[in-house]
Each structure stands twice: as C-alpha cells, then as structure tokens.
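Worksheet for the structure shown next.
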Amino acid sequence: ARRARMRRSASAAGAPEQQGVAPPRPEQHHQQQQQRAAMPPRWNRRETAVDTLHRYRGVLLVVSVPVMVLMLVVALWPRAPTAWDEAGSTVGHLAPTGLKYSVVFDAGSTGSRVHVYRFEAAGSGPVLLDELFEQLKPGLSSYAGDAEAAAASLGPLIDKALERVPEAARADTVVTLRATAGLRMLPGHQAEDILVAVRKTLAVTGFKFHENNVSILDGADEGAYGWVAVNYLLGNMGKPLDQTVGVTDLGGGSVQVVYAVEAGAAKGAPEGYVKDIRGGGRTYHVYQHSYLGFGLMAGRAATLKQAAAGSCALKGAEATEFKYNGGASTLPAGASTGAFDGCVDAVASAMRVGAPCEVTTACSFDGAWGGGYGAGAKSMYLMSYLYERAEETKAFAFSGNDETVSGQVGAMVASGKSVCETSFANLPTAFPKGRDHPFMCVDASYIYALLTKAIGLRDNDTVTFVKKIKYGPKGVEVEAAWALGDAIATL
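Each residue of the sequence shown is one higher than the one before, starting from 1 at the first, in full-length UniProt numbering.
Structural data, given as structure tokens:
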C-alpha cells in the first residue's frame, strides 16, 4: 500500500501542468485534429499588410530613425535668403503685421548712395511702401590707399539712414554695402582694405550686420538685381516672358545688359550667361552680362586712346586731360567742328564691336555673347548714365520732373550731332543741363554706339529711359536701381 501511494505521488509531481485540468473527451480531440488538418500551412497563407509590417519591423526601425533625423536637420537648416521666391506683388516673408526696413549702400565708381526701403505686411504679404535715397561723391575707389578715409566718407549717408529707421527697429534692419566696378578694378589689396574698414564702420551703427553684408557685387548679380528691381516695380513678376522688360544699366565702370530669354535659347547659351530667376510663381531664364571696363567713365577713357578720338573734340576747346581709376588720357584740342559719326566710330573701335565670342552668332562686343535678344528684350529700359546723358543732350522731350521718358533710338543721332557741332563756348547756353562740357560729344557718341553698334538696337526701336518708377496704388516713386533687388534678397 505504501509503494502504491509513492507511485501516485511521483506521477502527480511529474505532471504539475495537468493538475485541475480535465483531459479532452475523445470526440473533442478528434474534432480539433480535423480543424488543424483543414487549415493550410502558415507559409501557404496569403500574407496580410499587418503580417508584412510585423515581419519587417526590425528593418523598418533601422531605416526610419536616420530618415527622421535627416528630415529634422533639413527642417532646421538655416535657409539662405533669396531674392526670387516671392518677388511678385510681395517681398519675401515678413511678420504678419508691422513695418520692416532695409538699408542698402551702393558703392559705385563715381559716388556712393544709400537706399532705405520701408516695407509693410499686407494680406498677401509685405509690400514696398517707400524709399529714402541719398547720394554723394566721390566714390570709395577714389580713396584707394586710404581705407579709413574711404569708410569715413560714408558718414553723411549713415546719418541719413539712422534718421530714417526708428531706433527700436534698427536691430532688426539688415544693412548691406555692395561695391561695383570701381572697387572691382582696383589693383592688389586696395579694394579689400577698403571693405575691411567699411565693415568696422557699419558694425557699430546698430543695424543688423554680418561681415558678408559688405562685399564687391559680382557683375552678373548686379545685372540680375537690376532686372528684378525694374520688373518688380512695374508689376511684371509672374507674367509671361514677353510681358517683362529688358534692362541696360550704364554705370561708371561697367554696363549690364539683362533680359529674359526662351528656354531653347537658355539651353544653348554659353556657360555663365543665363541665370534662372524665380519670381511671382514663375521661373525666368535671364540673360545677363556685365561688361567690365565699359561703363561711361571707363569707356570714355578707352575712347580717348583711339586714333580717331579727335573727332570727339568740340570746336574751340583746349586739350583736356581725363583722369579715371588711376590713369589719364587726353582729349585733343578742337581745331574744327566735332564729328558725331567719326566719334561713334572711335567708340565702336574701343568697344571691339563684333569681336569673336564663344559661339559663331550673336556676338555683341568685347568678345561677349549678346544673347540673341527675343521677346524679353523687345521693351528695353535704360538706366543710370543712359538716362542722365539722354536728358543732358536733349535727345528726348524731358520736361519738369519726368522720371520715365520713351522714344526711338534714332533720336539720339540728331541730338548727338547737335552737341558735337556746337562750339565749346556756346555749349553751356545750348545745353544748360550738360555736365563735363569738354566731353559731351564723347558721351553722346558713346551712349548711341553702345545701344546700336554694340548691343544691336535699331534706330526705330523704342526704348524707355528711366530714373524712378511709380510703384503701387499710391504711385510712390522708387529709384530704378539694383539696390532694391539686393534688399529683396536679404529680407
């Protein structure tokens, strides 16, 4: 009996999982076997999406973590300011309410200027309200070798900017200074010395400043900024290519020619001539080229070195020395009446009109490709010295405070001949707005040769000379200048 009790105890100890569980009845066991037999093997069943996710859960975890990290980095990465994203009826992305200012110094070859732009947020985004514009001479390049004096020369313009921008807004107001052809042409380290001194000066003004805010503006960017500024002010950004205008901006040291071209022309363009600019929800292929050394002053110096430069001398004028960018040239004394046609030929020779370029067709001058023109160049706006010299020589009917005047290119032939055939003694009376009287025939010939011989406009083409453009519903007058494009880029 004791051995029997021990066997029962051992049997109970060896199967604890069965304690309290009744064994299946024979008929239940048979039914369970049939159900299992009727089920297809697990590897033959159609896999559901849940099964797939479960099976690859480890791989998904490994892949998803770096992807999420990358997305976070991209989202937090500082976005470089761009001029073109929203350059239509609005400017950049500002706070939903309040005012925003931008201060841009234009350090040109013949003078320095300051533009203070004021923007306001509206329902569709911030819009340009108005502009303060001031200028003085000479330019920074005139102080080559004395960088501290160059920086100090900006003092009056800085004071004007500080007066315009409220003290509470200065820390959020970006200030930039962009130097153009004058500093580009300085030798050695002279340009950089001036830029270093200017950075120190602007850094203590109280405006929002970074060292990169002071630089020499690339000629291509100068042209592109000018194109954006003019088309923005005209309300053209976002419109088809043939409703935009081209821009020719004649400075002292360089001239920029810019206009939109068709996609086909852009595709076949030599490298470096076409820039894609996005504005108003549309992408434009913009031809742009800066002809360094062919601004009005640099071109005047080059023309005076030509053998035919005597044609540009006014009757009765003495030999006159012209100094520019550290060099000097002389306009001969005027023994007889000046000859407009001969002076135009001297200009064309200095420009190397028709010199071979990177392609076999559409070469303009100085070995550069002209872009082939097209719909984007059919309406050309002429700025800076082109406006000033056209007004001084009475090429068109400028009256009162006209800031925009249109007319045919050929009108400059008659006015140019009138200037060149007037004696030096009578010139101030005949052309009271004229400046640099000894060189008026040279300059009149230069702007005509530039537009026709070099760029390729015809005498019957209509052009628009522009100084300021009336902008917005209130007709606020804003300087037609690349500085607005730079302001848009830094907002």
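Note that beta-carbon positions come from the ideal geometry of N, C-alpha and C, so glycine has one too.
K323 vs F424 beta-carbon contact at 8 Å: no
Entirely enclosed beta strand (DSSP E) segments - the stretch 343-421, minimum 3 residues: 380-384 and 404-408
DSSP three-state assignment for F119, whether helix, strand or coil: strand
Extent of the continuous alpha helix (DSSP H) to which K160 belongs: G155 to R164
Minimum Cβ-Cβ distance from E167 to chain D less than 8 Å: Looking at the structure shown, chain D is missing, and only one protein chain is on hand.
For residue 541, the first and last residue of its enclosing beta strand (DSSP E): Because residue 541 is not part of the residues shown, which for the chain are 1 to 491, the question remains open.
Start-to-end residues for the alpha helix (DSSP H) that takes in L202: Q190 to A203
According to DSSP, residues forming a beta bridge with G246: Paired residues: M380.
Neighbourhood of H30 by C-beta distance below 8 Å, restricted to the same chain and skipping five residues each side: Any reading at H30 needs caution, since the residue's pLDDT is 48, under 50, leaving its predicted position unreliable; the model's value is listed next. Same-chain partners within the cutoff: there are none.
Rounded straight-line distance, which links the Cα of T361 to that of R300: 28 Å
Contact between the stretch 415-424 and the stretch 444-451 (3+ Cβ pairs under 8 Å): yes
Integer-rounded CB distance, given that C363 should sit under 8 Å from A355: 7 Å
Bridge partner(s) assigned by DSSP for Q135: Within the DSSP secondary-structure output, Q135 pairs in a beta bridge with R113.
Own chain, CB closer than 8 Å to G475, minus 5 neighbours either side, in chain order: Here the set comprises nothing.
Boundaries (first-last residue) of the alpha helix (DSSP H) holding L233: G219 to L233
Proximity below 8 Å, CB of C312 to CB of A348: When the beta-carbon positions are compared, C312 and A348 stay at least 8 Å from each other.
Under the three-state DSSP convention, the category L296 falls into: Helix, per DSSP.
Coarse secondary structure for I277, derived from DSSP in three states: strand
Nearest-angstrom beta carbon gap, G295 and residue 516 [assumed within contact, 8 Å]: The displayed coordinates of the chain run from 1 to 491. Any statement about residue 516 would go beyond what the structure contains.
Minimum C-alpha distance to L484 - residue among G410, A152 and L177: Nearest of G410, A152 and L177 to L484, Cα basis: L177.
Inter-residue CB distance, R113 and L129 (contact presumed, cutoff 8 Å): Not a contact, Cβ separation roughly 19 Å.
P240, buried or exposed, once every other Cβ within 10 Å from all chains shown has been counted against 16: exposed
Residues bridged to Q256 [DSSP beta-bridge criterion]: D249 and S290
Range covered by the beta strand (DSSP E) that runs through K100: First-last of the beta strand (DSSP E) with K100: L99 to A107.
Buried or exposed (CB count within 10 angstroms, at least 16 for buried), A397: It is exposed - the Cβ of A397 has fewer than 16 other Cβ atoms within 10 Å.
Backbone CA spacing between R46 and K275 [nearest angstrom]: Legend: pLDDT at R46 = 49, less than 50; position of this residue unreliable, no value from coordinates given.
Cβ contact check for the stretch 243-251 and the stretch 376-387: 3 or more pairs under 8 Å: yes
C-beta contact flag for V257 and I469 at 8 Å: no
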